[in-house]
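Colleague:
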Amino acid sequence: MTFIRDFMVKKGEDMRIAVLSGKGGTGKTLVSVNLASAADSAVYIDCDVEEPDGHLFFKPQIVSSEEIAVKLPSIDNGLCNGCRKCVDFCKFNALAFIKGRPCVFEDVCHSCGGCTLVCPERAITETDRAVGEIRKGTSGSVTAYTGILKPGEESGVPIIKRIMQASGSEGDALRIIDCPPGSACVVVESIRDADYCILVAEPTVFGVHNLNMVYGLVKLFNKPFGAVLNKCLDGENPAEKFCIENSIPIIGRIPFDTELGKMNSDAEIAARESKKYKELFSDLLRTAMKEARRETAFDTQR
Amino acid sequence: MRQLLILSGKGGTGKTTVASAFIKLSGAKAFADCDVDAPNLHLIMGQRSEPRRTDYYGMPKAEIDADICVQCNGCAEHCRFDAISVNSAGEYSVDRFDCEGCGVCESVCPVGAVALRPEVSGELMLYNGDGRIFSTAQLKMGSGHSGMLVTEVKKQMKDAAANAELAIIDGSPGIGCPVIASLSGVDMVLIVTEPSVSGISDMERIIKTAEVFGTKTAVCVNKYDINTVNTERIEGFCRSAGLPYVGKIPFDPEAVRAINNGMTIVDVDCPSGRAAREIYKNTMEVLSE
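Chains as they are written, first to last, in my numbering: chain W, 1 to 302; chain Y, 1001 to 1289.
Take a look at the structure:
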């Protein structure tokens, strides 16, 4: 029998752990970056494409990058007969009829392709509009994927979809998915393929209120989950109370610690810099992977 | 109505803490929480009355009538959002989280089996007590189109408080659709950042976003003493970018205690509250320039 450590991905094992929180600034990136660094090897995926910060910690050696574009209608005024069918069809009001011709409002276009389909004159074709990029890089034993939305662009969903697809090519691996804050469509996109979700909570009434929302979200999507309590101080912890009342398993605690705060604010990876935090995050990873395996095993039995 | 919007880029830097202090200090007759994804302002504004609640309808969602569907696969082929799937029995269905309500499936269906149905994707709340208007909302979990709901939050505030001179608006983290919707029509943005490498990177991205919309922008730093070197970097950045730097707030355990007791940081005498008063004064000067 070969000895396999709990926090190593077994051969042929693929595991996706998503880290989310509802509220911003509770420590999603702290937990994600350090879990990936505590593993023997891992793929880190930053889905917070509006404000991606994981790369600031990993400072990865970039090995490839890819521009992400969405489709945008382009109207040939020579072919357009001014029938307005495209304008009437567009549910997003991205086309307006001005001086007898349709006009495209790029920012509100959802790239559904409907206008090209309904145009009887085939006057509408599609062009690419860049909305951001994804980068792949390496940092020690971590392969880091980052999605970056261009400032001024509305939606990161196309970037998240592509980054999940691109990182899929890494084969069987431990994947840590750093989610955006909130509980809207971009978070759904990020946790869709996750095997296990870690909810990071901070001990404030704001933290608890938003924890309640992501708790609802992971239940809605039937994802197994556990909570990590961050910034723990002595005394009453509203987040802990919430977890106990709702029978949410607490899989780890990170103390409020100015040393950790300093390292984190300087974008240093605590699990690489400090023995104490290497141990803390290795323990957390071991627990999370054990929980995830248990749930997967349970799932296959069902 | 002059509108001041509080943003940060990075989450958790203290937008709501600063916004709630400003609302208290200004006695603003109108305020709003545009973080419809994770609203928190209502937890510390001490509303005494129940709000008026209105369902918010976002985009409609497609529905496929299995009895009419001839399983031609046309809808699935044309859906750009991968929202249509087929089960082992050959029945087609729409994933309501993926569907954006564009109507392409409805238009390509040869037998009229697809229809768009209205869907509630959030709730608007309007508090009207003590002569103050407070507009807020909660997006339904997993929904999209949060920008449209943000626009409604601001509209409901403006309609109810048409005569208010000043409105203070708490924004959401990030730089995407809810932030862009909140930026429209405001007179000034105050960015609350923190002295971390992440906070600075995110601040630079939100400043770029505000620039696209030509909005006047000022910066303050929260928890500045966590990393004074980074705080100096932020001050230097503001100087070289020509952005008004309106002050800094120290890390203060009293602030957490006040918030957890449902109070703002200017309701108690504490270092963070005193700093917030100074920042408020400086911000109002920039706003009226």
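Even glycine gets a Cβ: it sits at the ideal position worked out from N, Cα and C.
Going by other Cβ atoms of all chains shown within 10 Å of its Cβ, with 16 needed for buried, is leucine 1124 (chain Y) buried or exposed?
Modeller: Flag for leucine 1124 (chain Y) reads buried.
Colleague: Hey, how far is the Cα of aspartate 1037 (chain Y) from the Cα of alanine 1258 (chain Y)?
Modeller: Going by the C-alpha atoms only, they are around 24 Å apart.
Colleague: For the stretch 1155-1186 of chain Y, list every residue whose C-beta sits within 7 Å of some C-beta in chain W, in sequence order.
Modeller: Residues Pro1173, Gly1174, Ile1175, Gly1176, Cys1177, Ile1180.
Colleague: If you measure beta-carbon to beta-carbon, which residues of the stretch 245-256 of chain W are closer than 7 Å to chain Y?
Modeller: Answer in chain order: no residues at all.
Colleague: Suppose the cutoff is 6 Å on Cβ atoms and the five residues either side in sequence are ignored; what does the same chain contact list for serine 1049 (chain Y) look like?
Modeller: Gly1129, listed in sequence order.
Colleague: Closer than 8 Å by beta-carbon distance: list the chain A residues that pair up with valine 1212 (chain Y), in chain order.
Modeller: You won't find chain A in this structure, because its protein chains are W and Y.
Colleague: Using a Cβ cut-off of 7 Å, pull out every chain Y residue sitting near valine 205 (chain W), in sequence order please.
Modeller: Here the neighbours are Leu1043, Ile1259, Asn1260.
Colleague: Shorter than 7 Å from the beta carbon of asparagine 210 (chain W) to some beta carbon of chain Y?
Modeller: Closer than 7 Å to some Cβ of chain Y, the Cβ of asparagine 210 (chain W) qualifies, so yes.
Colleague: So the beta strand (DSSP E) glutamate 1123 (chain Y) belongs to, where does it begin and stop?
Modeller: From DSSP, the beta strand (DSSP E) with glutamate 1123 (chain Y) extends over 1120-1129.
Colleague: Give the straight-line distance between the Cα atoms of lysine 1216 (chain Y) and glutamate 1204 (chain Y), rounded to the nearest whole angstrom.
Modeller: Spanning the two alpha carbons is a distance of roughly 14 Å.
Colleague: What separation, rounded to the nearest whole angstrom, lies between the Cα atoms of threonine 1151 (chain Y) and valine 43 (chain W)?
Modeller: One C-alpha to the other measures close to 38 Å.
Colleague: Any idea what DSSP makes of valine 1070 (chain Y), helix, strand or coil?
Modeller: Coil.
Colleague: Determine whether the beta carbon atoms of valine 1018 (chain Y) and valine 1192 (chain Y) lie at a separation below 7 Å.
Modeller: In contact: valine 1018 (chain Y) and valine 1192 (chain Y) (Cβ atoms closer than 7 Å).
Colleague: Would you identify the three-state DSSP class for serine 1093 (chain Y), choosing helix, strand or coil?
Modeller: It is a strand residue.
Colleague: By the DSSP assignment, the beta strand (DSSP E) with phenylalanine 97 (chain W) in it spans what residues?
Modeller: Where phenylalanine 97 (chain W) is concerned, the enclosing beta strand (DSSP E) stretches over 95-98.
Colleague: For lysine 219 (chain W) and serine 183 (chain W), I'd like the C-alpha separation in whole angstroms.
Modeller: One C-alpha to the other measures close to 12 Å.
Colleague: Which runs of the alpha helix (DSSP H), 4 residues or longer, sit entirely within the stretch 1232-1263 of chain Y?
Modeller: Listed in chain order, they are 1253-1260.
Colleague: Mapping the DSSP letters down to three states, classify proline 73 (chain W) as helix, strand or coil.
Modeller: Here proline 73 (chain W) sits in strand by DSSP.
Colleague: Under a Cβ-count criterion, where at least 16 other Cβ atoms within 10 Å of its own Cβ denotes burial, should proline 1118 (chain Y) be classed as buried or exposed?
Modeller: Exposed, since its Cβ has fewer than 16 Cβ neighbours within 10 Å.
Colleague: Quick one: what's lysine 136 (chain W) bridged to in DSSP?
Modeller: In the DSSP output, where bridge partners are listed per residue, lysine 136 (chain W) has W:Ser64, W:Tyr145.
Colleague: When you compare the CB of glycine 1112 (chain Y) with every CB in chain W, is at least one pair closer than 7 Å?
Modeller: False, the Cβ-Cβ gap to chain W never drops below 7 Å.
Colleague: How would you list, in chain order, the residues of chain W whose beta-carbon sits under 8 Å from the beta-carbon of proline 1195 (chain Y)?
Modeller: Ordered by position in chain W, the residues that pass the 8 Å Cβ test against proline 1195 (chain Y) are Ser265.
Colleague: Taking the alpha carbon of histidine 209 (chain W) as the point to measure from, which residue in Y:Gly1242, Y:Pro1039, Y:Ala1241 has its own alpha carbon closest?
Modeller: The residue with the shortest Cα to Cα distance from histidine 209 (chain W) is Y:Pro1039.
Colleague: If we count the other Cβ atoms within 10 Å of its Cβ and call it buried at 16 or more, is methionine 169 (chain W) buried or exposed?
Modeller: What sits at residue 169 (chain W) in the sequence shown is serine, not methionine. Label assigned to serine 169 (chain W): exposed.
Colleague: How would you call tyrosine 277 (chain W), buried or exposed, if buried means at least 16 neighbouring beta carbons within 10 angstroms?
Modeller: Buried: at least 16 other Cβ atoms inside 10 Å.
Colleague: Any contact of the stretch 194-212 of chain W with the stretch 58-76 of chain W, i.e. 3+ C-beta pairs under 8 Å?
Modeller: The answer is no - the stretch 58-76 of chain W does not touch the stretch 194-212 of chain W, with fewer than three Cβ pairs under 8 Å.
Colleague: Put serine 41 (chain W) into one of helix, strand or coil per three-state DSSP.
Modeller: DSSP places serine 41 (chain W) in coil when its eight states are reduced to three.
Colleague: Under 7 Å between C-beta atoms, does histidine 345 (chain W) make it to chain Y?
Modeller: In this structure chain W extends from 1 to 302, so residue 345 (chain W) is not present and cannot be described.
Colleague: Classify isoleucine 17 (chain W) as buried or exposed, calling it buried when 16 or more other Cβ atoms lie within 10 Å of its own Cβ.
Modeller: Isoleucine 17 (chain W) is buried by the Cβ-count criterion.
Colleague: Helix, strand or coil, according to DSSP, for aspartate 1269 (chain Y) in the structure here?
Modeller: Reduced to three states, the DSSP call for aspartate 1269 (chain Y) is coil.
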